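A quick write-up on the structure given underneath.
Residue numbers (this note's numbering), protein chains in the order written: chain D, -5 to 174; chain E, -5 to 174.
This is the structure we're talking about:
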């Protein structure tokens, strides 16, 4: 049986925001990066089978003036979207219902190592203790306001630090796995 | 003229709390520490002249069943306390008023390198961009609820990462200085 794993790979400010109060993320690139290092993103995505993201993140990505950035299947969690917008029908699959049912469905498709993305989606997975791994990169800024990565949980969740890396001499990346 | 510096040395959960929802801090010691390493605390306090803390932190420390833990002058910020409780009169000085006035007074006493402690006090100093250095140690747990280290700010504050250390193979300490 395949190992199932739900992973988060994300960057925050020192005070834990993933976007500023206007949704802006330009501060993610505040440290000059002339060689375009990716802080381990390509290596991370190589070891996942599919992405799971919320509708808001999906629509945000659609709004970027870039080519579709994912080369793995993408599942979009939404109770409001009834169908995938044209142009994206070969790229994403809509899923809804309980996270347990959603995961069962995704696993049935042969996708076991999942990249869980988007603030609300990550928070919802954490609330049900469904996150196994967090790769957390901290940008050296206090934003003061914005969209937080973490939200309240009904119980504390312990993690194990497996690795720490520093990129561009300024970005600290901590790699945690859940201890159950 | 002496260099003035306001420093923070504190630990938080991965989600940025300094105490759990009941004010508990036992999770700070969740990683076995048989050799009682101090994560740089003694070295840090050697390079400060005095502490500045809020009333709540002061009263919390007074409530601990331990000897007075500080060997430097302690300034307690309070608008409600009218006098220092007996037993502490040779240890702490009450200060109040604007932080700028408080700092002027402390500097006049010859104390320039200050250890700013306590959640509300740190937040108030950050709101006025009066923190020069943050040494932030992360414990590998998501508490889910509690007393946050950071609060809202009227503007973003950029920092420079000067050092990263790992203690007990699990505690990540990031050392930031404010870039102005």
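Cβ coordinates follow ideal geometry from the N, Cα and C atoms, glycine included. Given the structure is predicted, the values throughout are model-derived calculations rather than measurements.
What span of residues does the alpha helix (DSSP H) with residue 124 of chain D cover, start to end? On the first chain, position 130 is the one that residue 124 of chain D refers to. No alpha helix (DSSP H) holds residue 124 of chain D; DSSP gives it neither H nor E.
Short CB-CB distance (under 8 Å) between residue 96 of chain E and chain D: Stepping through the second chain from its first residue, residue 96 of chain E is reached at position 102. Not one chain D Cβ lies under 8 Å of residue 96 of chain E.
CB residue 86 of chain D to CB residue 78 of chain D, shorter than 8 Å? Locating residue 86 of chain D in the first chain gives position 92, counting from the first residue. Locating residue 78 of chain D in the first chain gives position 84, counting from the first residue. Yes; because the gap between Cβ atoms is below 8 Å, this pair is in contact.
From residue 150 of chain E to residue 137 of chain D, what distance separates their C-alpha atoms? Within the second chain, the letter at position 156 stands for residue 150 of chain E. Within the first chain, the letter at position 143 stands for residue 137 of chain D. Roughly 4 Å separates the two Cα atoms.
So, does the CB of residue 43 of chain D fall closer than 8 Å to a CB anywhere in chain E? In the first chain, residue 43 of chain D corresponds to position 49, counting from 1. For residue 43 of chain D, the answer is no, since every Cβ of chain E falls outside 8 Å of its Cβ.
What residues match up with residue 48 of chain E in a beta bridge as DSSP calls it? Looking up residue 48 of chain E in the second chain gives position 54. Residue 48 of chain E is bridged to E:71.
Just to confirm the assignment, what range does the alpha helix (DSSP H) spanning residue 111 of chain E have? Taking the second chain and counting its residues from 1, one reaches residue 111 of chain E at position 117. Premise fails: residue 111 of chain E lies in the beta strand (DSSP E), 107 to 111, not in any alpha helix (DSSP H).
Cut-off 8 Å between Cβ atoms - residues of its own chain near residue 165 of chain E, not counting five sequence neighbours on either side: Indexing the second chain from 1 puts residue 165 of chain E at position 171. The answer, listed in chain order, is 5, 25, 33, 131, 132, 133, 134.
Would you call the CB atoms of residue 128 of chain D and residue 153 of chain D closer than 8 Å? Residue mapping note: residue 128 of chain D aligns to position 134 of the first chain, counting from 1. Residue mapping note: residue 153 of chain D aligns to position 159 of the first chain, counting from 1. Yes, Cβ-Cβ distance for residue 128 of chain D and residue 153 of chain D is below 8 Å.
Residue 153 of chain E in three-state terms, based on DSSP: Translated into the one-based positions of the second chain, residue 153 of chain E becomes position 159. If DSSP states are grouped into helix, strand and coil, residue 153 of chain E belongs with the strands.
Return yes when the Cβ of residue 43 of chain D is within less than 8 Å of the Cβ of residue 106 of chain D, no when it is not. In the first chain, the residue the question calls residue 106 of chain D occupies position 112. In the first chain, the residue the question calls residue 43 of chain D occupies position 49. Against a cut-off of 8 Å, the Cβ pair of residue 43 of chain D and residue 106 of chain D comes out as a contact.
From the DSSP output, read off the bridge partner residues of residue -1 of chain D. As a working note, residue -1 of chain D is residue 5 in the first chain. BP columns for residue -1 of chain D point to D:107.
Measuring CB to CB, does residue 35 of chain D end up less than 8 Å from residue 3 of chain D? By one-based count along the first chain, residue 35 of chain D stands at place 41. By one-based count along the first chain, residue 3 of chain D stands at place 9. Result yes, Cβ atoms of residue 35 of chain D and residue 3 of chain D sit closer than 8 Å.
With 16 as the cutoff for other CB atoms within 10 Å, does residue 30 of chain E come out buried or exposed? For the purposes of this step, residue 30 of chain E is taken as the residue at position 36 of the second chain. Under this definition residue 30 of chain E is an exposed residue.
Relative to the alpha-carbon of residue 162 of chain E, which residue among E:93, E:74, E:22, E:13 has its alpha-carbon at the smallest distance? Reading the second chain from its first residue, position 168 is the one you call residue 162 of chain E. The option with the nearest alpha carbon to residue 162 of chain E is E:22.
Assuming residue 100 of chain D is part of the alpha helix (DSSP H), what are its boundary residues? Here residue 100 of chain D refers to the residue found at position 106 when the first chain is read from its first residue. Segment 93 to 102, the alpha helix (DSSP H) holding residue 100 of chain D.
For residue 10 of chain E, go through chain D and note every residue whose CB falls closer than 8 Å to its CB, in chain order. Along the second chain, one-based indexing puts residue 10 of chain E at 16. Going along chain D in sequence order, the residues near residue 10 of chain E (Cβ under 8 Å) are 9, 10, 144.
For the alpha helix (DSSP H) holding residue 38 of chain D, just list the boundary residues, first then last. Position 44 of the first chain, counted from the start, is the residue given in the question as residue 38 of chain D. Here the alpha helix (DSSP H) through residue 38 of chain D covers 35 to 40.
Using a cut-off of 9 Å between C-beta atoms, extract the partners of residue 147 of chain D located in chain E. As a working mapping, residue 147 of chain D is identified with position 153 in the first chain. Chain E residues near residue 147 of chain D: 9, 136, 137, 138, 139.
For the beta strand (DSSP E) containing residue 145 of chain E, list its first residue and its last residue. Against the second chain, residue 145 of chain E aligns to sequence position 151. Careful: residue 145 of chain E lies outside any beta strand (DSSP E) and carries neither H nor E.
Candidates E:159, E:9, E:-1, E:71: which alpha carbon is nearest residue 112 of chain E's? Here residue 112 of chain E corresponds to residue number 118 of the second chain, with the count starting at 1. Checked all of E:159, E:9, E:-1, E:71; the closest Cα to residue 112 of chain E is E:71.
Tell me the rounded alpha-carbon separation between residue 13 of chain D and residue 20 of chain D. Residue mapping note: residue 13 of chain D aligns to position 19 of the first chain, counting from 1. Residue mapping note: residue 20 of chain D aligns to position 26 of the first chain, counting from 1. Taking the straight line joining both Cα atoms gives about 9 Å.
Taking only beta-carbon atoms, is residue 2 of chain D less than 8 Å away from chain E? Locating residue 2 of chain D in the first chain gives position 8, where the first residue counts as 1. No, no contact with chain E.
For residue 76 of chain E and residue -2 of chain E, what's the separation of their Cα atoms in angstroms? Along the second chain, one-based indexing puts residue 76 of chain E at 82. Along the second chain, one-based indexing puts residue -2 of chain E at 4. Cα to Cα, residue 76 of chain E sits roughly 28 Å from residue -2 of chain E.
Residue-chain proximity (residue 117 of chain E, chain D), Cβ-Cβ < 8 Å: Position 123 of the second chain, counted from the first residue, corresponds to residue 117 of chain E. So, not an interface residue.
Selection from E:155, E:172, E:159, E:141 that minimises the alpha carbon distance to residue 175 of chain E: Chain E is shown only over -5 to 174; residue 175 of chain E falls outside these bounds and no answer can be derived.
Can you give the Cα-Cα distance for residue 109 of chain D and residue 18 of chain E, rounded to whole angstroms? Here residue 109 of chain D refers to the residue found at position 115 of the first chain. Here residue 18 of chain E refers to the residue found at position 24 of the second chain. Cα-Cα distance, rounded: 33 Å.
Contacting positions in the stretch 149 to 162 of chain E - beta carbon closer than 8 Å to chain D: 149, 150, 151, 152, 153, 154, 155, 158, 160
Using three-state DSSP, classify residue 53 of chain E as helix, strand or coil. Position 59 of the second chain, counting from 1, holds the residue named residue 53 of chain E. Correct three-state label for residue 53 of chain E: helix.
List the whole-angstrom C-beta distance separating residue 1 of chain E from residue 126 of chain E, where the pair is believed to meet the contact cut-off of C-beta under 8 Å. Taking the first residue of the second chain as 1, we reach residue 1 of chain E at position 7. Taking the first residue of the second chain as 1, we reach residue 126 of chain E at position 132. Sure, about 7 Å apart at Cβ, within 8 Å.
Segment limits, beta strand (DSSP E) that includes residue 86 of chain D: Taking the first chain and counting its residues from 1, the one referred to as residue 86 of chain D is at position 92. It spans 86 to 89 - the beta strand (DSSP E) in which residue 86 of chain D sits, taken as one unbroken run.
Residue span of the beta strand (DSSP E) that contains residue 171 of chain E, given as start and end: The count along the second chain starts at 1 and reaches residue 171 of chain E at position 177. 165 to 172 is the extent of the beta strand (DSSP E) around residue 171 of chain E.
Can you name the residues of chain E whose CB is closer than 9 Å to the CB of residue 168 of chain D? Taking the first chain and counting its residues from 1, the one referred to as residue 168 of chain D is at position 174. Under the 9 Å cutoff, chain E gives 8, 132, 134, 166.
With a threshold of 8 Å between beta-carbons, can residue 120 of chain D be considered close to chain E, or not? For the purposes of this step, residue 120 of chain D is identified with residue 126 of the first chain, where counting begins at 1. Cβ-Cβ to chain E under 8 Å: yes for residue 120 of chain D.
Assuming the contact rule is C-beta atoms closer than 8 Å, residue 64 of chain E and residue 45 of chain E should be a hit. Round their C-beta distance to whole Å, please. Counted from its first residue, the second chain places residue 64 of chain E at position 70. Counted from its first residue, the second chain places residue 45 of chain E at position 51. Indeed they touch by this definition, with Cβ atoms about 6 Å apart.
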